[in-house]
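S.K.:
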Amino acid sequence: MNAHQQASNLEIVLAAIEHIENNLEEDINVDSVCSLSSKSKWQTQRVFRAISGDSVSGYIRGRKLSAAFHLLKDTLTPISELALRFGFGSQEAFARAFKERFGVSPRSIRNSKYSYSQFLKPKLTKEKLQFIAKSISQQPDFQLLPSKEFVGLSTEINAPFAEVSIFNESLLDHWRKFRQLCKTERLYYGLTKGVANDGAPPTLVYTSAIESTGGEVLPSLQLQKFEVTSQYYAVFEIRGPINLCHAITDYIYGIWLPQSGHQRANGFEIDLYDTRVFKLNSTNSTSYRYVPILQG
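In case it helps, our numbering puts the sequence shown at residues 356 to 651.
So, in structure tokens, the structure goes:
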């Protein structure tokens with residue numbers, strides 16, 4: 356496919372997304388979205404999935420449910436009214452779709468402090484679509500990692516990743532501190548694990564780490580040794596600059612995981628980097644995101 360065709364296909368997807376975003380509370384469907392394109396319905400759906408990683412129907416449904424999620428938290432609009440506003444026909448149908456997407460009922464969201472879900476589907480922008488197309492493997496490999504022992508330095512950061520890149524200046528300072536303490540140049544790991552917080556958005560414990568050699572003497576009391584037990588992972592390759600790493604999280608949790616048939620498992624989410632990753636605009640960097648999932 357030449358550059359002109361790629362640009363044309365991107366414009367088709369952006370037009371479809373804009374139409375969906377402007378009509379989330381209307382009776383929109385695959386037919387009405389695809390009718391905007393000069394291509395056939397079948398071709399338009401193929402182009403949409405190829406560029407976004409999602410189906411037209413999946414994007415519509417995810418965006419409607421995400422919009423309803425925010426209204427549940429921010430307004431007192433009755434759940435039955437939200438169900439009808441977003442085209443679910445009945446409160447029961449809305450509740451089923453909502454629980455399937457977010458793992459909890461609409462009523463439990465309204466009655467809790469919980470204000471964020473990793474399964475919210477954000478609006479896809481041109482910047483994010485280009486990132487998905489060029490920088491992330493849309494379909495992961497699957498690996499069973501053996502137990503590993505690490506040496507690391509931990510800090511707490513606030514969720515969600517979808518709104519603020521984990522590679523903000525504060526975490527870059529954390530990485531600089533870790534590299535100064537461990538005084539080594541090798542593969543680096545960023546390990547993230549959520550901590551429950553009374554129904555509020557979880558605190559994430561982020562650990563900058565290297566694999567332990569087994570016999571090293573820790574150069575600082577701030578460093579700690581710990582083990583990550585064997586686990587099954589979906590592994591995404593990320594190429595080039597990672598300063599849009601929030602788009603990685605958006606893609607994995609907003610698009611890939613809900614339609615993959617897999618379930619996320621408890622455990623560490625792991626990023627594997629080389630030393631070039633700390634130059635955020637480097638086009639030569641390759642990193643990997645390991646997402647723990649249930650096997651079988």
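Where a beta carbon is used, it is the ideal one built from N, C-alpha and C, also for glycine.
#1: Per DSSP, which residues does Val368 bridge with? Please list them.
#2: In the DSSP output, what is Val402 paired with across the bridge?
#3: Grouping DSSP H, G and I as helix and E and B as strand, with all else coil, what is Gly545?
#4: Rounding to the nearest angstrom, what Cα-Cα distance links Leu536 and Ser575 in this structure?
#5: For Ser395 and Cys389, I'd like the C-alpha separation in whole angstroms.
#6: Taking C-alpha atoms, which residue in Phe623, Tyr606 and Leu559 lies nearest to Tyr587?
#7: Going by beta carbon distance, what residues of the same chain come within less than 6 Å of Gln400, once the five residues before and after it are set aside?
#8: Taking one C-beta from the stretch 475 to 490 and one from the stretch 414 to 433 each time, how about it: are there three or more such pairs within less than 8 Å?
#9: What residues are listed by DSSP as bridge partners for Lys580?
#10: Can you name the start and end residues of the beta strand (DSSP E) that Leu500 belongs to?
#11: Going along the chain, which residues of its own chain have a beta-carbon closer than 6 Å to the beta-carbon of Pro495, five neighbours each way excluded?
#12: Please report how far the alpha carbon of Val572 lies from the alpha carbon of Leu546, in whole angstroms.
#13: State the beta-bridge partners of Asp626 as determined by DSSP.
M.R.: Reading it off the structure:
#1: Position 13 of the sequence shown holds residue 368. Partner(s): none; Val368 has no beta bridge.
#2: For the purposes of this step, residue 402 is taken as the residue at position 47 of the sequence shown. Answer by DSSP bridge pairing: none, since Val402 is not bridged.
#3: If you number the sequence shown from 1, residue 545 lands on position 190. Under the three-state reduction of DSSP, Gly545 is assigned to strand.
#4: By 1-based counting over the sequence shown, the position of residue 536 is 181. By 1-based counting over the sequence shown, the position of residue 575 is 220. One alpha carbon belongs to Leu536, the other to Ser575, and they sit about 7 Å apart.
#5: Locating residue 395 in the sequence shown gives position 40, where the first residue counts as 1. Locating residue 389 in the sequence shown gives position 34, where the first residue counts as 1. Looking at the two C-alpha atoms, the distance is approximately 7 Å.
#6: To locate residue 587, count along the sequence shown from 1; it is residue 232. Checked all of Phe623, Tyr606 and Leu559; the closest Cα to Tyr587 is Phe623.
#7: The residue you call residue 400 lines up with position 45 of the sequence shown. Cβ within range, chain order: Val411.
#8: Touching, yes.
#9: As a first step, residue 580 must be located in the sequence shown, where it is residue number 225. The secondary-structure analysis by DSSP pairs Lys580 across a beta bridge with Val506.
#10: One-based indexing of the sequence shown puts residue 500 at position 145. Per DSSP, Leu500 belongs to the beta strand (DSSP E) from Asp496 to Leu500.
#11: Taking the first residue of the sequence shown as 1, we reach residue 495 at position 140. Cβ neighbours of Pro495 beyond the five flanking positions: Ala589, Val590 and Phe591.
#12: Within the sequence shown, residue 572 is the residue found at index 217, counting from 1. Within the sequence shown, residue 546 is the residue found at index 191, counting from 1. Rounded to whole angstroms, Val572 to Leu546 spans 22 Å at the Cα level.
#13: Walking along the sequence shown from the start, residue 626 turns up at place 271. Its beta-bridge partners are Gly545 and Arg644.
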